[in-house]
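This report concerns only the one structure given below.
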Amino acid sequence: MNSKIKALSIAAALAASLGLAGCAADSGSSGGSTMPMNHGSSGPASTMMPDASAGYNPADIAFSQMMIPHHAQAVEMSDMILAKPDMPADVTALATKIKDAQAPEIDTMTGWLKDWNVPTMMSDHSGHGMTGMVDSEGMEKLKDAQGTDAVRLFLEHMIGHHEGAIDMAQQEIAAGKHPESIQLARDIATSQEAEIAEMKEMLAGL
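Quick note on numbering: the sequence shown equals residues -21 to -1, 1 to 185 in mature numbering (1 follows the signal peptide of the UniProt record, and there is no 0).
In structure tokens form, the structure reads like this:
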């Protein structure tokens, strides 16, 4: 499936999930969700879905809503490796670089979503199955690992994680409307492709 079709599929899924969110809000049943809502508007659907004159579209919303938790996991993995003793200098330098790049990008994307008056996560939690995310078992293994095993797991996890981010970025480039989001997607694709090459070299040297 090409990137444009995939991006449009994500946008369609977002539209459906936003419709469901509107129904849930009207019924008054939140199910204990902590998802932020805009209580100062006439209704969720009117603030969540942009009109044709807006400077952004559903693909832009989906990009930020999915990339925020994706980036957050990369920061979490970086923190794990930085907390371990006796890690190689090149690995800790890479982890620091990833964290320093992605943490501010989370803030940027969160700001866009707030400006657009939409939640910072998808209402149907679609992000849980996004490409490249490490499952809870994989995260526990990385948390517990030490020495070379920890380095290997970190690199393997992060390579797959970066590949998922690049896929998401390409979808935004193909279908997005918001210029700043598209530029961020280009920057993510470029920087993470370079980091994948770097990590593959490190992995080969273990």
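All C-beta atoms in this analysis are idealised placements derived from N, C-alpha and C, irrespective of residue type, glycine included.
If we count the other Cβ atoms within 10 Å of its Cβ and call it buried at 16 or more, is residue i buried or exposed?
| i | result |
| --- | --- |
| Glu119 | exposed |
| Leu61 | exposed |
| Ser43 | buried |
| Pro37 | buried |
| Asp94 | exposed |
| Pro64 | exposed |
| Asp123 | exposed |
| Ala33 | exposed |
| Ala154 | buried |
| Pro83 | exposed |
| Ala41 | buried |
| Ala68 | exposed |
| Pro158 | exposed |
| Ala72 | exposed |
In three-state DSSP terms, what is residue i?
| i | result |
| --- | --- |
| Ala156 | Residue 156 is actually Lys in this sequence, not Ala. The answer is coil: DSSP assigns Lys156 none of H, G, I, E or B. |
| Met181 | helix |
| Ser9 | Note that Ser9 scores 34 on pLDDT, short of 50, meaning its location in the model is unreliable and no value can be drawn from it. |
| Asn125 | The identity of residue 125 in the sequence shown is Gln, whereas the question assumes Asn. Reduced to three states, the DSSP call for Gln125 is coil. |
| Trp91 | helix |
| Met101 | coil |
| Ala33 | coil |
| Val113 | coil |
| Asp65 | coil |
| Ala72 | helix |
| Glu172 | helix |
Please state whether the Cβ-Cβ distance between residue i and residue j is less than 8 Å.
| i | j | result |
| --- | --- | --- |
| Ser57 | Ile85 | no |
| residue 186 | Glu151 | Since the first and last residues shown for the chain are -21 and 185, residue 186 lies out of range. |
| Val113 | Gln52 | yes |
| Met137 | Met88 | no |
| Met181 | His49 | no |
| Gly111 | Gly139 | yes |
| Ala173 | Gln149 | no |
| Ala74 | Ser170 | no |
| Gly143 | Met109 | yes |
| Val54 | Phe133 | no |
| Lys179 | Asp39 | no |
| Met66 | Leu121 | no |
Please report whether the beta-carbon of residue i lies at a distance below 8 Å from any beta-carbon of chain D.
| i | result |
| --- | --- |
| Ile167 | Of the chains in the structure shown, none is chain D; there is only one protein chain. |
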